[in-house]
Each structure stands twice: as structure tokens, then as C-alpha cells.
Amino acid sequence: MKFTKSVCAIGLLSLFLACSNKDTASTPPDPEPTVLDTASGKIVYWLTTGDESVLLKRQPALAVSNEVNSDPTIILDTTQSFQSMTGFGYTLTSGSATLINGMSADAKSNLLNELFGDDNNSIHVSFLRISIGASDLSANVYTYNDLPAGQTDPNLSQFSLDPDKTDLIPLLKDIIAIDPDIRIIATPWTPPVWMKSNGNSVGGSLKPEYY
1 MKFTKSVCAI GLLSLFLACS NKDTASTPPD PEPTVLDTAS GKIVYWLTTG
51 DESVLLKRQP ALAVSNEVNS DPTIILDTTQ SFQSMTGFGY TLTSGSATLI
101 NGMSADAKSN LLNELFGDDN NSIHVSFLRI SIGASDLSAN VYTYNDLPAG
151 QTDPNLSQFS LDPDKTDLIP LLKDIIAIDP DIRIIATPWT PPVWMKSNGN
201 SVGGSLKPEY Y
């Protein structure tokens, strides 16, 4: 099966869209957003509600006026800054790394440069989140210290990054070569099952002796 570049990009980014198959199948998409109608003093906006009863639907334009009303007032002060935006990014799973590494050299290079480059044709992703060990989107379950049933390794003498040396780590090196300043957040997913109360990667909790 031949995956297009856009499909692989979607696999890498792991985007979660707040929409349902039913709604997208039965409701035609809104037209492309138009330029704000500054001449009439009206604000054009789109709305998505928390209960998903409205999904990115264009609403009636709001007129801007000086009339006094009971609505909350939002004042924008462009002279003050508080928090700063460090960057934007996505999740890179081992499953996505496997797919990307399976692309041709040219296709892979083009994809990575479109995602992580800094030219006008790139979106310049500045953050990546990876899991420590397998995640829900990995081809199989693994940790960095898997042992046969009944064995333990409190000193972590069997600790190994080998499961991620095939795809994830080489791909991270390729990404860092494109953007050495990219920020990577490593997220714990599950400890080895011999550390778990239920002996399973799903559910359970960490045994107190391994705190």
C-alpha cells in the first residue's frame, strides 16, 4: 500500500479533531472564511461548543457598537504582555516513526523538511512529544525493561533502549539535524509490568516498593 505524504503527516501529528463521522457525513462544510467586513463594523466568527452540538459553524455576524449592554466587556491591551508562546507541536509515536522510515528517501526528506524546516514552505514544528516506551499508537507493547513473567530488576540492570533504536531514535536524529533547537517532551506511559499491581501494561498502578 502506498501512503501519500499527507497521510503520513497525519499519522505523525496524531491530531484529534472534535467532530463525529455522523456529522461530517451528513453536514456539508461551510464555505471558506471571508475577509473580515471592517467596513460594516461587523465581526465574523465560527463556533464550536463543548457538547459538540455545534461544530465549527459560522454564526451570524456581530455588530460592533458603543451601545451599553450587560454583556461582558473584553479589553485588549496591546502594550502589556504576560505569558509568552514558546511554540507548537505534536506527538511522534513509534508507529508513526516506522511508517515515515518506510518512505522513500526523497519522500521522507521532503516530509521532514516541510514539518520541521524554517523556510517559507515549512510549518516549523517546534515541539515534539514522545512516549517513554510504547504508547497506545505503537505497533506492539514494550518498555525499556521487559522481563519474563515472575522476574524483577529493581536495579534496572536490564534497562535498554533497544526497542526504539530501530525507528524512533534514528528519526529523532534526522529531525534534530533539521532543527537542532526543537524541544522534545518525553512522557511516561507505563512502567514495566513487573512493577505494576496487576502485572499488565493497561490499568493497575505502580507497586509501592517501586516508588
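The numbering used here puts the first residue of the sequence shown at 1, with every later residue one more than the last.
Backbone N, C-alpha and C define an ideal beta-carbon position, used for all residues, glycine too.
Given the structure is predicted, the values throughout are model-derived calculations rather than measurements.
Three-state secondary structure (DSSP) of residue i
i, result
"Lys42", "strand"
"Asp23", "For Asp23, the pLDDT reaches just 47, beneath the cut-off of 50, and the residue's location in the model is therefore unreliable, although a value from the coordinates is still provided. Note: Asp23 maps to helix in three-state DSSP."
"Phe82", "coil"
"Gly95", "helix"
"Pro208", "helix"
Selection from the options that minimises the alpha carbon distance to residue i
i, options, result
"Asp118", "Asp51, Ile176, Leu55 and Gly203", "Ile176"
"Leu128", "Ala97, Ser157 and Ala139", "Ala97"
"Asp146", "Asp136, Ser160 and Gly204", "Ser160"
"Ala63", "Thr73, Ile43 and Phe82", "Ile43"
"Arg183", "Lys108, Ser109, Pro148 and Thr91", "Thr91"
"Asp164", "Ala139, Lys207, Ala107 and Pro148", "Ala139"
Residue i to residue j span [Cα, whole Å]
i, j, result
"Asp174", "Asn69", "56 Å"
"Gly95", "Ile185", "17 Å"
"Gly41", "Asn66", "11 Å"
"Met85", "Thr79", "16 Å"
"Asn198", "Pro191", "12 Å"
"Ala134", "Thr143", "6 Å"
"Asp153", "Tyr210", "11 Å"
"Asp162", "Asp51", "43 Å"
"Ser104", "Gly204", "41 Å"
"Asp181", "Gly89", "13 Å"
"Phe116", "Asp71", "43 Å"
"Val54", "Gln158", "52 Å"
"Ile75", "Ser81", "14 Å"
"Leu156", "Leu56", "49 Å"
"Ala61", "Asp77", "24 Å"
"Asp23", "Ile123", "Note that Asp23 scores a pLDDT of 47, beneath 50, so its modelled location is shaky; the value from the coordinates is reported in the next line. Distance between the alpha carbons of Asp23 and Ile123 is about 29 Å."
"Gly102", "Ser109", "12 Å"
"Gln216", "Leu206", "Because the chain in this structure spans residues 1 to 211, residue 216 falls outside the shown range and cannot be described."
"Thr93", "Leu111", "16 Å"
Beta-carbon proximity of residue i to residue j, cut-off 9 Å
i, j, result
"Val141", "Ser201", "yes"
"Trp189", "Gln151", "no"
"Thr166", "Ile130", "no"
"Ile100", "Leu171", "yes"
"Asn113", "Asn120", "no"
Segments of 4+ residues assigned as alpha helix (DSSP H) that fall wholly inside the segment 101-186: Counting only runs that start and end inside the segment 101-186, the alpha helix (DSSP H) elements of at least 4 residues fall at 105-116, 162-165 and 168-178.
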